[in-house]
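First up is the structure itself, then whatever we jot down about it.
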Amino acid sequence: MNNIRPRALQKGDVLGIISPSSPLRSKSIDLSVHFLEEKGFKLKFGSHYQDEARFLAGSDADRAKDIMSFFADPKIKAIICSRGGQGSQRLLPLLDYEIIAQNPKALIGFSDTTALQLGLLKKTGLISYTGFTLTKSLTPLIKETLLACLMNEPYCIVAGECVNPGIVQGSLIGGNLSLITSLIGTPYQPDFRGKILLLEDVATEPFNVDRMLSHLELASVFAEVAGIVFGTFEQCISKDPEEGTIDEVITEWSTRIKVPCIKFFPYSHGEKSCVLPLGGEITLNASASSLSF
1 MNNIRPRALQ KGDVLGIISP SSPLRSKSID LSVHFLEEKG FKLKFGSHYQ DEARFLAGSD
61 ADRAKDIMSF FADPKIKAII CSRGGQGSQR LLPLLDYEII AQNPKALIGF SDTTALQLGL
121 LKKTGLISYT GFTLTKSLTP LIKETLLACL MNEPYCIVAG ECVNPGIVQG SLIGGNLSLI
181 TSLIGTPYQP DFRGKILLLE DVATEPFNVD RMLSHLELAS VFAEVAGIVF GTFEQCISKD
241 PEEGTIDEVI TEWSTRIKVP CIKFFPYSHG EKSCVLPLGG EITLNASASS LSF
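When the letters of the sequence shown are read in order and numbered with full-length UniProt numbering, they come out as residues 1 to 293.
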């Protein structure tokens with residue numbers, strides 16, 4: 001299956017807003033809404049984007065309905081997730097992947113939406129954009145890389161630290177480590193062969209990060225990928241200082257990996273982050289600590 005790149009957006013295009021994970025509640029989206037409108041886009045909000053049901057933004061059926069409604073609507077040119085949180089993987093069995101493949105458009109999300117985006121990639125080949133939701137801080141790098149993705153324009157990020165030198169080209173796969181791990185052994189598990197793996201996580205103790213990385217190794221993921229990009233792991237602090245730091249975990253695992261690899265790349269839940277094409281072709285120059293798409 002060849003991956004499908006959504007068409008470049010233009011001023012005046014309508015963007016659909018959905019909440020496939022947790023509810024917005026008190027989280028503000030005003031700055032992002034203003035930024036997108038200032039760039040010439042029009043926004044249409046899903047019928048259930050403000051719903052609340054425990055830790056979810058409404059029922060599974062209603063959240064899936066908003067997704068399918070926007071994919072089927074020819075007036076909607078791209079879809080943006082309001083926030084991450086929990087629960088997007090619950091929607092994967094409820095989506096009509098044939099309709100989505102027939103109406104490819106950009107889906108932009110981050111964190112919990114990793115499951116949704118990887119599911120769409122596996123079932124349809126649809127390239128999506130990871131690193132932005134409406135609640136994300138609008139740093140210059142976020143703005144620049146988001147617009148580059150939406151407009152199908154090239155971009156090069158020089159950042160991070162080289163672990164294993166080398167240059168590799170391939171399709172970008174990954175996102176949030178917890179959500180990637182949750183898809184292993186399911187029909188939505190990504191095809192990692194020859195891909196460049198992107199990893200980050202948040203508020204997870206180092207021993208849990210180590211367990212998930214071990215899970216990927218046991219599932220032969222590290223043996224299959226062509227390169228690895230470790231983002232930053234925000235708020236991943238041990239309750240017991242004697243258990244070590246997240247940097248020690250990432251350093252150990254990155255040095256065990258033999259393919260081109262960089263760490264501390266600005267893809268994260270923190271201020272230093274960017275938007276990247278999930279499923280899109282990239283070039284990782286680990287020797288120069290650069291990533292181009």
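Beta carbons: idealized from backbone N, C-alpha and C, even for Gly. In this text the structure is predicted, and so the values were computed from the model without any measurement.
Handout entry: Val209 versus Ile246 - alpha carbon distance
Key = 8 Å
Exercise for the section: Pick helix, strand or coil for Asp201, following the three-state DSSP scheme. Expected result: The three-state secondary structure of Asp201, taken from DSSP, is strand.
Exercise for the section: Could you tell me which of Gln189, Phe70, Ser21 sits nearest to Phe55, measuring between CA atoms? Expected result: Residue Ser21 is the option with its Cα nearest to Phe55.
Practice task
Could you work out which residue in Arg256, Phe264, Leu91, Pro165 is closest to Glu234 when comparing CA atoms only?
Solution key: Phe264
Problem - For Lys65, the first and last residue of its enclosing alpha helix (DSSP H) - result: 60–72
Practice task
Consult DSSP for Ile237 and reduce its assignment to one of helix, strand or coil.
Solution key: coil
Practice task
Specify, as a first and last residue, the run of the alpha helix (DSSP H) that Ala223 falls within.
Solution key: 221–224
Practice task
Can you grab the Cα-Cα spacing for the pair Phe35 / Leu43, in whole Å?
Solution key: 11 Å
Practice task
Would you grab the beta carbon distance between Gly119 and Tyr188 for me? Rounded to a whole angstrom, and I think it's under 8 Å.
Solution key: Rounded, the Cβ-Cβ distance is 4 Å, consistent with contact.
Handout entry: Nearest-angstrom Cα separation, counted from Gly227 out to Leu197
Key = 6 Å
Handout entry: Length of the line joining the Cα atoms of Lys195 and Phe222
Key = 10 Å
Handout entry: Within-8 Å CB hit, Pro165 to chain D
Key = Structure shown: chain D not included; a single protein chain is present.
Problem - Unbroken alpha helix (DSSP H) run spanning Lys122, endpoints - result: 114–124
Problem - Alpha-carbon spacing of Asn176 relative to Lys11, whole angstroms - result: Spanning the two alpha carbons is a distance of roughly 31 Å.
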